[in-house]
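Pasting the structure below:
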């Protein structure tokens, strides 16, 4: 039998609550339901838990701030990032924390400064890139860290993200099921792929893998998202692949221009060309026809990220090894009026 001391995380698992709830139940710093407090107290007795006094002293030195590093790249869709940041902030206030807002332009040196200077008890990073250079800097400092995104190596981290590969796969499957065989994927600007933004790279990978499995003929075209760049992208697609009847769009700026350009080319949506977007539901509902879309729960993303950072902060104050929690949030495919069976084909059963 293991001789390691019982930790607050052990109590949380035994009681079926979060580590932060156990901390509040024991400290009395926040009101807890009597039933929940009773479960925590029973778990404490049954496991023989004894709070770590040195950790409690460390807890008294908390800044009660969490640094949230948000992207300010011109190629990101600001409303989505804003909604995630608001969700993190609201959840933080519920835990008695404030948010220190940073931008990813400040890079590894700035996150090192935050970690070393005690300005924040933990860091939440957004816009994770493949081979993100900020992650080793935070690992070296040992500060509790949570990623909204998925790195190459998640060991020693907690991560939450939309399941972008599944988003891409859902788009390929939906169009294949409708009988489409020639598909165009209109993506973000080339610079997004060159900086290895995880949300773009992983979506394209999921789409490509599923499209190949379903025997689809497809082409990926990066797009700046302006009307002019979308016009050039669509013109090249239709010149090179005139039989294209299905369009997947992962670029919020390109959606409206694409619909206009298809109409201008004499293609009616969805009778002649089907369009499926990876975008927020609110955006999908704005267009005519309303867009079939794949989307993920942005508010839940922020809530889960902050719960994860609280668990890691609590473990650190207890002198315990935090558990790595890796979560991918399941996307939804909502079928609306912009997709239909391919011309001359029925939907596959």
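In the UniProt record's numbering, the protein residues as written are 1 to 349. Ideal placement from N, C-alpha and C gives every residue a C-beta, glycine not left out.
For residue i: DSSP bridge partner residues
{"i": "residue 99", "result": "66"}
{"i": "residue 329", "result": "162"}
{"i": "residue 126", "result": "148"}
{"i": "residue 295", "result": "332"}
{"i": "residue 185", "result": "220, 248"}
Whole-angstrom distance between residue j and residue i, CA atom to CA atom
{"i": "residue 244", "j": "residue 262", "result": "11 Å"}
{"i": "residue 331", "j": "residue 10", "result": "31 Å"}
{"i": "residue 215", "j": "residue 181", "result": "8 Å"}
{"i": "residue 322", "j": "residue 62", "result": "17 Å"}
{"i": "residue 6", "j": "residue 173", "result": "48 Å"}
{"i": "residue 87", "j": "residue 307", "result": "11 Å"}
{"i": "residue 101", "j": "residue 69", "result": "6 Å"}
{"i": "residue 185", "j": "residue 65", "result": "41 Å"}
{"i": "residue 241", "j": "residue 233", "result": "12 Å"}
{"i": "residue 336", "j": "residue 237", "result": "24 Å"}
{"i": "residue 246", "j": "residue 292", "result": "12 Å"}
{"i": "residue 147", "j": "residue 231", "result": "36 Å"}
{"i": "residue 226", "j": "residue 142", "result": "42 Å"}
{"i": "residue 128", "j": "residue 137", "result": "14 Å"}
{"i": "residue 260", "j": "residue 89", "result": "38 Å"}
{"i": "residue 98", "j": "residue 329", "result": "25 Å"}
{"i": "residue 326", "j": "residue 126", "result": "15 Å"}
{"i": "residue 253", "j": "residue 302", "result": "24 Å"}
{"i": "residue 40", "j": "residue 14", "result": "8 Å"}
{"i": "residue 286", "j": "residue 91", "result": "29 Å"}
{"i": "residue 298", "j": "residue 108", "result": "26 Å"}
{"i": "residue 18", "j": "residue 319", "result": "17 Å"}
{"i": "residue 38", "j": "residue 205", "result": "48 Å"}
{"i": "residue 157", "j": "residue 42", "result": "30 Å"}
{"i": "residue 22", "j": "residue 150", "result": "28 Å"}
{"i": "residue 159", "j": "residue 175", "result": "31 Å"}
{"i": "residue 271", "j": "residue 304", "result": "41 Å"}
{"i": "residue 324", "j": "residue 309", "result": "11 Å"}
{"i": "residue 32", "j": "residue 20", "result": "11 Å"}
{"i": "residue 78", "j": "residue 258", "result": "20 Å"}
{"i": "residue 12", "j": "residue 268", "result": "56 Å"}
{"i": "residue 264", "j": "residue 228", "result": "14 Å"}
{"i": "residue 35", "j": "residue 26", "result": "14 Å"}
{"i": "residue 139", "j": "residue 311", "result": "17 Å"}
{"i": "residue 67", "j": "residue 82", "result": "15 Å"}
{"i": "residue 119", "j": "residue 300", "result": "26 Å"}
{"i": "residue 235", "j": "residue 209", "result": "26 Å"}
{"i": "residue 183", "j": "residue 239", "result": "14 Å"}
{"i": "residue 284", "j": "residue 207", "result": "20 Å"}
{"i": "residue 110", "j": "residue 44", "result": "40 Å"}
{"i": "residue 218", "j": "residue 212", "result": "9 Å"}
Candidates the options: closest to residue i by CA position
{"i": "residue 339", "options": "289, 279, 19", "result": "289"}
{"i": "residue 152", "options": "162, 135, 210", "result": "135"}
{"i": "residue 48", "options": "35, 8, 21", "result": "8"}
{"i": "residue 190", "options": "285, 222, 157, 297", "result": "222"}
{"i": "residue 277", "options": "171, 316, 315, 207", "result": "171"}
{"i": "residue 132", "options": "194, 12, 78, 95", "result": "194"}
{"i": "residue 121", "options": "80, 313, 45, 20", "result": "313"}
{"i": "residue 130", "options": "83, 200, 188", "result": "200"}
{"i": "residue 124", "options": "279, 93, 85", "result": "85"}
{"i": "residue 197", "options": "213, 161, 209, 113", "result": "161"}
{"i": "residue 24", "options": "94, 111, 82", "result": "94"}
{"i": "residue 224", "options": "217, 283, 192", "result": "192"}
beta-carbon residue i near the ligand GTP non-hydrogen atom, thresh 7 Å
{"i": "residue 14", "result": "Judged by which ligands are present, the structure shown has none, so any question about the ligand GTP falls away."}
Residues of its chain near residue i, where Cβ-Cβ distance is below 6 Å and the 5 sequence neighbours each way are ignored
{"i": "residue 203", "result": "164, 167, 168, 250"}
{"i": "residue 316", "result": "144"}
{"i": "residue 255", "result": "249, 277"}
{"i": "residue 154", "result": "326"}
{"i": "residue 114", "result": "67, 120"}
Own chain, CB closer than 7 Å to residue i, minus 5 neighbours either side, in chain order
{"i": "residue 281", "result": "293, 295, 334"}
{"i": "residue 220", "result": "185, 187, 204"}
{"i": "residue 80", "result": "280, 298"}
{"i": "residue 112", "result": "137, 141"}
Residue-chain proximity (residue i, chain D), Cβ-Cβ < 8 Å
{"i": "residue 337", "result": "Annotation note: the requested chain D is absent from the structure, which comprises a single protein chain."}
Own chain, CB closer than 8 Å to residue i, minus 5 neighbours either side, in chain order
{"i": "residue 16", "result": "39"}
{"i": "residue 46", "result": "14"}
Let me know the beta strand (DSSP E) ranges lying completely inside the segment 192–277, each 3 residues or longer, listed in chain order.
-> 217–221, 246–249
Identify every run of the alpha helix (DSSP H) within the segment 142–178, keeping only runs that are complete inside it and at least 4 residues long; order them along the chain.
-> 164–177
In the segment 11–46, which residue ranges form an unbroken alpha helix (DSSP H) of at least 4 residues, counting only runs that do not cross its ends?
-> 19–27
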